[in-house]
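**Q** Below is one structure. I have some questions about it.
2 protein chains.
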Amino acid sequence: MLTFQEFRNLVNLSRREICKEIFTENQDSIKVKKEERVVRNLARIFEATLAIGNKKGFHAMSLRDLSKGSGLSMGALYCYFASKDELLNMIQEQGRRVTFRVMGEQVAGLSGPREKLRAAITTHLYLSEVMQPWFYFSYMEAKNLGKKEQKEAIQSELAMERFLSGILQEGAEAGVFAARNADLTGAVLKAMLQDWYLKRWKYTSRNVSVEEYAEFVIEWAEAFLLPPGGRAHEPA
Amino acid sequence: MLTFQEFRNLVNLSRREICKEIFTENQDSIKVKKEERVVRNLARIFEATLAIGNKKGFHAMSLRDLSKGSGLSMGALYCYFASKDELLNMIQEQGRRVTFRVMGEQVAGLSGPREKLRAAITTHLYLSEVMQPWFYFSYMEAKNLGKKEQKEAIQSELAMERFLSGILQEGAEAGVFAARNADLTGAVLKAMLQDWYLKRWKYTSRNVSVEEYAEFVIEWAEAFLLPPGGRAHEPA
DNA sequence: GTCTATACATAGATAGAC
DNA sequence: GTCTATCTATGTATAGAC
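Structure representation (C-alpha cells):
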C-alpha cells in the first residue's frame, strides 16, 4: 500500500492543477480569457471561499467577505462566476470529478477483493486528506444546492457506496469475506471514511496520522469480514 | 435489550414534554407567561424551525419563513425568543440536556462492560431516532453558534466519546474486550452512531429499522473487540 | 398576547469609469 | 480586466394599535 507521501506525489492535486481543470470545465461562465491570470485568481477565490465557508457557512459568507478574503473587488469576482450559486456548483462538481477519477485510477487493476478493499479505504482517506476543505464543504453545503445539483450529489454519494459494497459482494462470492449485509457494511464503512474529513480537528489534536487511521479502519473492517484465523496473513 | 417501542414508552419525549422543559429553562427570555399557551406555540416554532432549517439551513431560513411555517406573526415570534441566535441556542441546549439525561438513565446500573456497550449503542440510536430532526440540526448548525456555545457543543461531543471509550477501557481491563486503541475505537463507533441521524433518508429508503441497525453496529463492534471464540455467547 | 407596519442594515448583483 | 459606486430586494428587529 502507498504511503501518504507517495500518494501525494503520484496524483497531482496542487491548487494550480485543480484550478486549471476548473477553468477548462467552466470557460463559458468565466469572462476572463488569459489562462495564467484566471488560474491565479481562481486559486484565490476558491481558497477564500473554502476558508470562510467552512468557518461560518456558505450562505453566511457575503460576497463582501469573499472580496476581502480573495483580494478581488466584487465587480471582478463576477468575471469568474455568474452568481453565488454557480460558485457553489463549481466547487461541488470539481470535488466529484477529482474523487471519481482518483478512486478509479488507484483501485483499477488490483486483483483480489482484499487488496481492492484496502486500496479503496486508503485512497479515499488519502484523497480526503489532500482535499479536506473541499470534502468538508461539499458535505456541509449540499443542502444549499439547486434541485438538480442536489440529485447529482446524492447520486455521487450512492455511487461511492456501491463501489464499496461491490467489493464486499465480490469478496463474499469468492469466499474471501464472510457473507455479511453488503449494503449496510458499505454504508457504515463510508461513515468511517467520512469521519476523517468531517472531524479533522479531532484527529489533528490527537496526533493521529492519516496512515494510522487508514490502518485502523482496515483492521476494523477485516475483523468483521474475514473468517477467524484468516486475519493474521498480511496480503503484501 | 429494550425494543424501540419499549424505549419510546419508557422515556417520555413527546413534543409537549420537550417544550415544557424548554419553557422551564428559558423563562427569562420568554415574555409570555401562561404555560399552556407557551407550550403550544413553542411546539409550533420548534417544529417549523427544524423542518425549514434542516431543509435549507438555519441561516437561509428567514423569520418571514418561520412566521409562515409556525403560523405566528413576526412580532409574536419575538415574544418567545430575543433573537434568531437565541432560538438556535435553545434548540442546541435542549438537545444536549435530553441526550445526557437519557444516556445516563439507561446505562447507569448495568454491570458488565459488554452490557454497557450494548446499552450505550442502542440507547444512542433509539434517542437519535426519536429526536432525529434535533440531532441533525445540532450537527449541521454547530458552526453558526457563538463562540461560547460552540465550545459547549464540542465539549458535549467529546464527553459522549469519552463515555464510549470509557466503557471500552473498562472492558479491556476486565479482560472482556481485546486491548485496542480505546480513543480511536470510540471515535469510529461514534461515527457509526452519527450516520444513523445524518443519513436518515438512506436507511428509510432501504427499509432498515433502528433495531436492525443497532444490532448490526453491535455485531461489528464485538467482532472487533471480543476475542475470537467469545463471540458466540449472548449476554441476555 | 398578537397583529400590522415600518425602520434600518446588509445582501446579491450590475453599470460605467479607468 | 478591475475598480468604485449604486440599485433593489431581503434580512432582522421593533413600535404601537388592538
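Keeping their order, the protein sequence lines are chains A and B.
Residue 1 is where the first sequence starts when you use my numbering, and the numbers rise one by one after that.
Residue 1 is where the second sequence starts when you use my numbering, and the numbers rise one by one after that.
Beta carbons are placed, not taken as given, at the ideal position from N, Cα and C, and that holds for glycine.
When Cβ atoms are compared, which residues of the stretch 116-130 of chain B fall closer than 7 Å to chain A?
**A** Under the 7 Å Cβ criterion, the stretch 116-130 of chain B contributes no residue.
**Q** Please classify THR49 of chain A: does DSSP put it in a helix, a strand, or coil?
**A** helix
**Q** Is there at least one Cβ from chain A nearer than 8 Å to ARG206 of chain B's Cβ?
**A** yes
**Q** Among B:TRP201, B:LEU42, B:LYS143 and B:LEU164, whose alpha-carbon lies nearest the alpha-carbon of GLY71 of chain B?
**A** The residue among B:TRP201, B:LEU42, B:LYS143 and B:LEU164 with its C-alpha nearest the C-alpha of GLY71 of chain B is B:LEU42.
**Q** Please report the distance separating the alpha-carbon of PHE4 of chain A from that of ASN144 of chain B.
**A** 33 Å
**Q** Anyone know if the C-beta pair for GLY69 of chain B and GLU141 of chain B falls short of 8 Å?
**A** no
**Q** Give a yes or no on whether 8 Å exceeds the smallest Cβ distance from ALA236 of chain B to chain A.
**A** Because ALA236 of chain B sits at a pLDDT of 43, beneath the cut-off of 50, its placement in the model cannot be relied upon, and the following sentence gives the value as read from the coordinates. Using a Cβ-Cβ cut-off of 8 Å, ALA236 of chain B does not count as an interface residue toward chain A, since no Cβ of chain A sits closer than that to its own.
**Q** Quick one: which chain B residues come within Cβ less than 9 Å of ASN144 of chain A?
**A** Going along chain B in sequence order, the residues near ASN144 of chain A (Cβ under 9 Å) are LYS56, GLY57 and ALA60.
**Q** Taking TRP220 of chain A as the query, report the chain B residues whose CB atoms sit under 7 Å from its CB, ordered along the chain.
**A** VAL188 and PHE224
**Q** DSSP on CYS19 of chain A, reduced to helix/strand/coil?
**A** Helix, per DSSP.
**Q** Between ALA223 of chain A and ALA223 of chain B, which are expected to be in contact by the criterion C-beta below 8 Å, what is the C-beta distance as a whole number of angstroms?
**A** 5 Å
**Q** Tell me the rounded alpha-carbon separation between MET160 of chain B and GLY104 of chain B.
**A** 11 Å
**Q** Since SER165 of chain A and GLY146 of chain A should fall inside the 8 Å C-beta cutoff, what is the C-beta to C-beta distance between them, to a whole number of angstroms?
**A** Not confirmed; about 29 Å, so no contact.
**Q** Under 8 Å Cβ-Cβ, which residues of chain B neighbour LEU88 of chain A?
**A** Those do not exist, as LEU88 of chain A stays about 12 Å from chain B at its closest Cβ, beyond 8 Å.
**Q** Does ALA191 of chain B come within less than 8 Å of chain A when only Cβ atoms are used?
**A** yes
**Q** Using a Cβ-Cβ distance under 8 Å, would PHE81 of chain A count as near chain B?
**A** no
**Q** Buried or exposed: where does MET74 of chain A fall if 16 or more other Cβ atoms within 10 Å of its Cβ makes it buried?
**A** exposed
**Q** Would you please verify whether the beta carbon of PHE163 of chain B is less than 8 Å from any beta carbon of chain A?
**A** no
**Q** In the DSSP assignment, find the alpha helix (DSSP H) that holds PRO228 of chain B and state where it starts and stops.
**A** No alpha helix (DSSP H) holds PRO228 of chain B; DSSP gives it neither H nor E.
**Q** In chain A, what lies closer than 8 Å to PHE216 of chain B by C-beta?
**A** ASN181, LEU184 and VAL188
**Q** Which bits of chain A does MET160 of chain B rub up against, with CB to CB less than 8 Å?
**A** What MET160 of chain B touches in chain A: nothing, since even the nearest Cβ is about 12 Å away.
**Q** Within 10 Å of its beta-carbon, does ALA108 of chain B have 16 or more other beta-carbons around it, so buried, or fewer, so exposed?
**A** ALA108 of chain B comes out exposed.
**Q** Does the distance between the C-beta of LYS34 of chain A and the nearest non-hydrogen atom of the ligand SAH fall short of 7 Å?
**A** Annotation note on the ligand SAH: not contained in the displayed structure, which lists no ligands.
**Q** Chain B beta carbons: is any one of them nearer than 8 Å to that of LEU195 of chain A?
**A** A small fix is needed here, since residue 195 of chain A is Asp in this sequence, not Leu. Output row for ASP195 of chain A: interface = yes.
**Q** Please return the same chain residues whose Cβ sits closer than 6 Å to the Cβ of SER14 of chain A, not counting the five positions on each side in sequence.
**A** none
**Q** Is the Cβ of LYS84 of chain B closer than 8 Å to any Cβ of chain A?
**A** no
**Q** Grouping DSSP H, G and I as helix and E and B as strand, with all else coil, what is GLN169 of chain B?
**A** Helix, per DSSP.
**Q** So what's ARG264 of chain A in DSSP terms, helix, strand or just coil?
**A** The structure shown has nothing for residue 264 of chain A, since chain A only spans 1 to 236.
**Q** Quick check on MET140 of chain A - is its C-beta less than 8 Å from some C-beta in chain B?
**A** yes
**Q** Counting contacts by CB-CB distance shorter than 8 Å, is LYS202 of chain A in contact with chain B?
**A** yes
**Q** Could you check the C-alpha separation between LYS33 of chain A and PHE58 of chain B for me, to the nearest Å?
**A** 38 Å
**Q** For LEU88 of chain B, does the count of other Cβ atoms within 10 angstroms reach 16, so buried, or fall short, so exposed?
**A** buried
**Q** Starting from the Cα of ALA172 of chain B, find the closest Cα among B:LEU226, B:PHE100, B:VAL39 and B:LYS84 and give me that residue.
**A** B:LEU226
**Q** Can you grab the Cα-Cα spacing for the pair GLN194 of chain A / ARG96 of chain B, in whole Å?
**A** 23 Å
**Q** Out of A:CYS19, A:VAL208, A:LEU189 and A:GLU129, which one is the CA nearest neighbour of ILE45 of chain A?
**A** Comparing Cα-Cα distances from ILE45 of chain A to each of A:CYS19, A:VAL208, A:LEU189 and A:GLU129, the minimum goes to A:CYS19.
**Q** How should LEU189 of chain A be labelled, buried or exposed, when 16 other C-beta atoms within 10 angstroms of its C-beta is the threshold for buried?
**A** buried
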